[in-house]
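Since the structure comes first, as structure tokens, the remarks are kept for the end.
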Amino acid sequence: MEMCRNWEGVYQVDAFNIISCTMCYFYLFQNSKELKKPQFVNNNLVAYNGTVFPDHTFLYPNINNKTIVNLICRTLDEYDCHRWTSCCINAQKCCSRQLSTGNYTGSGRYCPRTWDGFGCFDDTLAGDETVIKCPEYIEHGNPYADAVKNCNNNGTWFRDKITGKEWTDYLGCVQINEYKVLFQVGLICNIISIVLLVPACVVFLYYRQLRVQQRIKLHICLFVSFVFTSVVMILWDVLVFNDRLTNAAALTVMYQDPPGCRVLYILTRYALSTAYVWMFLEGFHLHRLIVKAFKVPKSIIHYHFIGWGFPVIPIYVILISGFPVIPIIAYTVIRITRNDKNCWVNNAGDYEWIVYLPNLFCIAFNVFFLMNILRILMTQLQSHPNEPSNYRRALKATFILVPLFGLQLFFIIYRPPSTWSGSFMYEVISKIVNNLQSTVVALILYFSYISEYSGSFNIVFFLYFRSTVVALILYFSYISEYSGSFNIVFFLYFRGTVVALILYFSYISGYSGCGGSFNILFHERRMIFVLYCMYNSDNACVELAPVNKSTSFKLD
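Residue numbering for the sequence shown follows UniProt numbering, beginning at 1 and increasing consecutively.
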């Protein structure tokens, strides 16, 4: 009779497969609200106080029975179902491997081949340790890390002193420190964004010459959307994400799934969408001024309805999905049947496009706007081939418009699988690019207007940035003894940032005569061209068309 071994004993093949598959579900989803493993019984799952099956419904997990698999997967989302079935299949393969491998031929004592609930281990000489790659179905696991199992000198597997059961060290499989670094990176970047954006909004609103201009009103709305996003993301990271990192799963807000957690999740989706829409409106407004410069809009009030109201449409679909009285919404069905748990953070599959698609459209339209703006710019440059700094201005204009339109997000639009060795570095870069975009935009727009209002305007920002730098220095001094890789990442990042700011401040101190506002430049065929006036080597704004200075004026 063929027998296979797991951490509890030796079983017939059929019994081994059912027990192993049952324990895969138990170990992977210990906090499941639908199916539980009865105490002292390892070959079935029972429904208790769930919503999918009546109470005391018994299921015997058999990976070869598609009906049973489909029933059990009704309690899981697609991703978790794949994790569970992968674990069951690996258990079967381990059993086959135990049966196909010959008896141990070495001398001395040894620990027997076994399945420990997650991984398969071969016969191991007493006193040695054996290593396997971490299984991919471990939640947030790193498949490039190792799991270690020790064989005692007496030929028995190491046992946990508390439970008395065979124990394998899977602690290295979940890189908890990496998630803590991501939390700190996101938190710091969002704080920096708020620190820079709030005074920028105050300054823009304080000076009447600025706040009455339409483009400044757009900038303020964009900044407010960035601040709103940063505040909401800080709340989410501190109250939910960090809570999951520091507490046992059953004690976390995500597991308890209160209504407030769902509301906060909805706010994160809404805030991100508003930022995308306002970036689109920035691009749309600038493109409109260039293409139809004689038709300057008298009001941009309709932009407010689009910027703050349009994201509500896809978000509304998510919001109502918490109420089963509206079954006609497909998203509602997904949330109730499979994903209405864990504060709704579980991926809803294709239904996530309800939110993602409008955001992608905003970026795609901004790509078109940028290409058309550059096309018009290059057309104007060709009419002045003898001006050596023209192409430099084109590059500077591109440098301004890319972060303003959010086009740098294309560099991180593809999220590599977590199994990729560079996935952690991608996550760090993604956090920095996403959360510091608003910082870059605030600095660029500030420097665009700084020369025109360079008196008390500069004093305010000098005093503000002085205190900000001091605060950052004190903060990094404080955390230096608590985080290693975190400090390395931020040191490398902020070293370049500080050097760039020092050089930039030094540069503009001697070249502050050129304003940062839009100029209308008349072509000989009365074509209007709008361009950011950059800081030039001759300390003057060189127009691209042969016009009289009196024909240049500011454009709202």
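Glycine included, C-beta positions come from ideal geometry on N, C-alpha and C. These figures come from a predicted structure and were not determined experimentally.
Original post:
Which residue from Val41, Pro38, Glu34, Gln39 puts its Cα closest to that of alanine 47?
Top reply: As a position in the sequence shown, residue 47 is number 47, starting the count at 1. Minimum Cα distance to alanine 47 is reached at Glu34.
**OP:** Return the CA-CA distance between valine 530 and valine 441, expressed in angstroms with no decimal places.
**Re:** Translated into the one-based positions of the sequence shown, residue 530 becomes position 530. Translated into the one-based positions of the sequence shown, residue 441 becomes position 441. Per-residue confidence for valine 530 stands at a pLDDT of 31, beneath the threshold of 50, marking its modelled position as unreliable; the derived number appears in the next sentence. Between valine 530 and valine 441, the C-alpha separation is close to 19 Å.
Subject >> Per-residue burial, valine 41 [other beta carbons within 10 Å of its own, 16 or more giving buried] >> reply: Locating residue 41 in the sequence shown gives position 41, counting from the first residue. Its Cβ having fewer than 16 others within 10 Å, valine 41 is exposed.
Original post:
Counting pairs of beta carbons, one from the stretch 249-260 and one from the stretch 271-290, are three or more of them closer than 8 Å?
Top reply: No, because fewer than three Cβ pairs between the stretch 249-260 and the stretch 271-290 fall closer than 8 Å, the two stretches do not touch.
Original post:
How long is the line joining the alpha carbons of isoleucine 376 and leucine 370, rounded to whole angstroms?
Top reply: Here residue 376 refers to the residue found at position 376 of the sequence shown. Here residue 370 refers to the residue found at position 370 of the sequence shown. About 10 Å.
Subject >> According to DSSP, residues forming a beta bridge with residue 629 >> reply: Past the edges of the chain, shown from 1 to 556, lies residue 629, and the structure says nothing about it.
**OP:** Only counting runs of 3 or more residues, tell me where the beta strand (DSSP E) segments fall wholly within the stretch 35-119, in order along the chain.
**Re:** The qualifying runs are 45-47.
**OP:** Note the first and the last residue of the continuous beta strand (DSSP E) segment covering tyrosine 11.
**Re:** Position 11 of the sequence shown holds residue 11. Unbroken beta strand (DSSP E) run through tyrosine 11: 10-12.
Original post:
Quick one: any contact between the stretch 188-198 and the stretch 227-235, if contact means 3 or more CB pairs under 8 Å?
Top reply: In short, these stretches touch, since the Cβ pair count reaches three.
Original post:
From the DSSP output, which residues share a beta bridge with glycine 141?
Top reply: Sequence index remark: in the sequence shown, residue 141 carries index 141 (1-based). Val174, per the DSSP bridge assignment.
**OP:** Could you tell me whether the Cβ atoms of asparagine 190 and isoleucine 220 are closer together than 8 Å?
**Re:** In the sequence shown, the residue the question calls residue 190 occupies position 190. In the sequence shown, the residue the question calls residue 220 occupies position 220. Their beta carbons are not under 8 Å apart, which means asparagine 190 does not touch isoleucine 220 by this criterion.
Original post:
Would you call the CB atoms of threonine 101 and tryptophan 157 closer than 8 Å?
Top reply: By one-based count along the sequence shown, residue 101 stands at place 101. By one-based count along the sequence shown, residue 157 stands at place 157. The Cβ atoms of threonine 101 and tryptophan 157 do not sit closer than 8 Å to each other.
**OP:** Leaving out five residues on either side along the sequence, give the residues of the same chain with a beta carbon under 7 Å from the beta carbon of phenylalanine 204.
**Re:** Here the question's residue 204 lines up with position 204 in the sequence shown. Correct list, in chain order: Leu210, Arg211, Ile216, His219, Ile220.
Original post:
When burial is assigned at 16 or more other CB atoms within 10 Å of the CB, is tryptophan 84 buried or exposed?
Top reply: Working through the sequence shown from its first residue, we reach residue 84 at position 84. That one is buried.
Original post:
For leucine 409, does the count of other Cβ atoms within 10 angstroms reach 16, so buried, or fall short, so exposed?
Top reply: As a working mapping, residue 409 is identified with position 409 in the sequence shown. Counting Cβ neighbours within 10 Å, leucine 409 comes out buried, since at least 16 surround it.
Original post:
How is arginine 5 classed by DSSP in three states: helix, strand or coil?
Top reply: In the sequence shown, counting from the first residue as 1, residue 5 sits at position 5. Looking at arginine 5 - three-state DSSP - the assignment turns out to be strand.
**OP:** Identify, in the order they occur along the chain, each residue of the same chain with its Cβ nearer than 6 Å to the Cβ of glutamate 427, setting aside the five sequence neighbours on each side.
**Re:** Against the sequence shown, residue 427 aligns to sequence position 427. Its chain contains Leu182 as the residues whose beta carbon lies nearer than 6 Å to that of glutamate 427, once the 5 sequence neighbours on both sides are disregarded; these appear in chain order.
Original post:
For phenylalanine 257, which three-state DSSP category applies?
Top reply: Within the sequence shown, the letter at position 257 stands for residue 257. Per the sequence presented here, residue 257 reads as aspartate, with phenylalanine not at that position. In the three-state DSSP reduction, aspartate 257 falls in the coil class, being neither helix nor strand.
Original post:
Hey, cysteine 94 and proline 61: beta-carbon distance below 8 Å or not?
Top reply: What you label residue 94 is simply residue 94 of the sequence shown in a count that begins at 1. What you label residue 61 is simply residue 61 of the sequence shown in a count that begins at 1. No, the Cβ-Cβ distance between cysteine 94 and proline 61 is not below 8 Å.
Original post:
arginine 415 by DSSP, collapsed to three states: which one?
Top reply: Position 415 of the sequence shown, counting from 1, holds the residue named residue 415. Three-state DSSP puts arginine 415 in coil, outside helix and strand.
**OP:** Identify the continuous alpha helix (DSSP H) that holds glutamine 209 and give its terminal residues.
**Re:** Against the sequence shown, residue 209 aligns to sequence position 209. Counting along the chain, the alpha helix (DSSP H) containing glutamine 209 begins and ends at 208-211.
Original post:
Would you say the stretch 146-155 touches the stretch 167-183, given that touching needs at least three Cβ pairs under 8 Å?
Top reply: Contact holds: three or more Cβ-Cβ distances are below 8 Å.
Subject >> Alpha carbon of isoleucine 138 to alpha carbon of leucine 286, nearest angstrom >> reply: What you label residue 138 is simply residue 138 of the sequence shown in a count that begins at 1. What you label residue 286 is simply residue 286 of the sequence shown in a count that begins at 1. Looking at the two C-alpha atoms, the distance is approximately 48 Å.
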